[in-house]
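Q: First, the structure itself, so that you have it in front of you.
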Amino acid sequence: MAETKPIRIVKRKLQRRKAREEHVYYVIAINDWEWSYSFSSNHMKDRHELYNEYRHLHLIGKLLRPSQTKVETVRLTFLPNDAYNRDQWDRQVRAYVGTISLYRSHMDGLFSLPSDILPNLLTMLTADKIRFAVLHGAKLHRGRADITGFRLEKSVNDDDLPPEG
Numbered sequence: 003m004a005e006t007k008p009i010r011i012v013k014r015k016l017q018r019r020k021a022r023e024e025h026v027y028y029v030i031a032i033n034d035w036e037w038s039y040s041f042s043s044n045h046m047k048d049r050h051e052l053y054n055e056y057r058h059l060h061l062i063g064k065l066l067r068p069s070q071t072k073v074e075t076v077r078l079t080f081l082p083n084d085a086y087n088r089d090q091w092d093r094q095v096r097a098y099v100g101t102i103s104l105y106r107s108h109m110d111g112l113f114s115l116p117s118d119i120l121p122n123l124l125t126m127l128t129a130d131k132i133r134f135a136v137l138h139g140a141k142l143h144r145g146r147a148d149i150t151g152f153r154l155e156k157s158v159n160d161d162d163l164p165p166e167g
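Everything in the sequence shown is counted per the numbering used here, starting at 3 for the first residue and increasing by one.
As structure tokens, this is what we get:
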């Protein structure tokens, strides 16, 4: 009996891990966007930079997929960062580019974004050429999921996405 209990525990742990690793696509129709920027001298004692810069891109929309997830509003926040520019990729070791969380039928997302793409992205948003955000990553678990990638599109074709599970 003592030998079978550890085997059962190991099997249970493996089953739990497999359930979390399910890959999901989240499709958001973008209704609005906001751009926030501020620049100031640094008065924080624990930071050594001379200046503070605050740059956030917010995409607001409606969740289209997965259809069984009930969400009223979606707000995705993208934080431009020079560390994610193409010439810095060899220094990054992160397994995901952002996270989403669901609380009281409101979904929030926080993502890193290469800062060198920002001028092009703002131009496309101003011209209304970006209408959808497609996120891919883990399935929501306890209201949270790690996102391994995202794309911003003018249109989304269901043939480009795997069937919903």
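Where is the CB? At the ideal position from N, CA and C, for every residue including glycine.
Using 10 angstroms around the beta-carbon of GLY63, count the other beta-carbons present and answer buried if the total reaches 16, otherwise exposed.
A: By one-based count along the sequence shown, residue 63 stands at place 61. When all chains shown are included, GLY63 counts as buried.
Q: According to the neighbour-count rule (16 or more other Cβ atoms, all chains shown, within 10 Å of its Cβ), is GLY111 buried or exposed?
A: What you label residue 111 is simply residue 109 of the sequence shown in a count that begins at 1. Counting Cβ neighbours within 10 Å, GLY111 comes out buried, since at least 16 surround it.
Q: What residue from LYS72, ASP118, LEU124 has the CA that sits closest to SER38's CA?
A: Taking the sequence shown and counting its residues from 1, the one referred to as residue 38 is at position 36. Measuring from the Cα of SER38, the nearest candidate turns out to be LEU124.
Q: Quick one: grab the DSSP three-state call for THR71.
A: The sequence position of residue 71 within the sequence shown is 69, counting from 1. Of the three classes helix, strand and coil, the one that applies to THR71 here is coil, per DSSP.
Q: Quick one: complete alpha helix (DSSP H) runs, 4+ long, within the stretch 76-137?
A: Runs of the alpha helix (DSSP H) inside the stretch 76-137: 120-128.
Q: Regarding HIS138 and the ligand ZN, is the C-beta to nearest heavy atom distance less than 7 Å?
A: Annotation note on the ligand ZN: not contained in the displayed structure, which lists no ligands.
Q: Does the stretch 76-84 come close enough to the stretch 54-68 that 3 or more CB-CB pairs lie under 8 Å?
A: Because the criterion of three Cβ pairs below 8 Å is met, the stretch 54-68 and the stretch 76-84 touch.
Q: Are any of the Cβ atoms in chain C nearer than 8 Å to that of TRP37?
A: In the structure shown, chain C cannot be found, because there is only a single protein chain.
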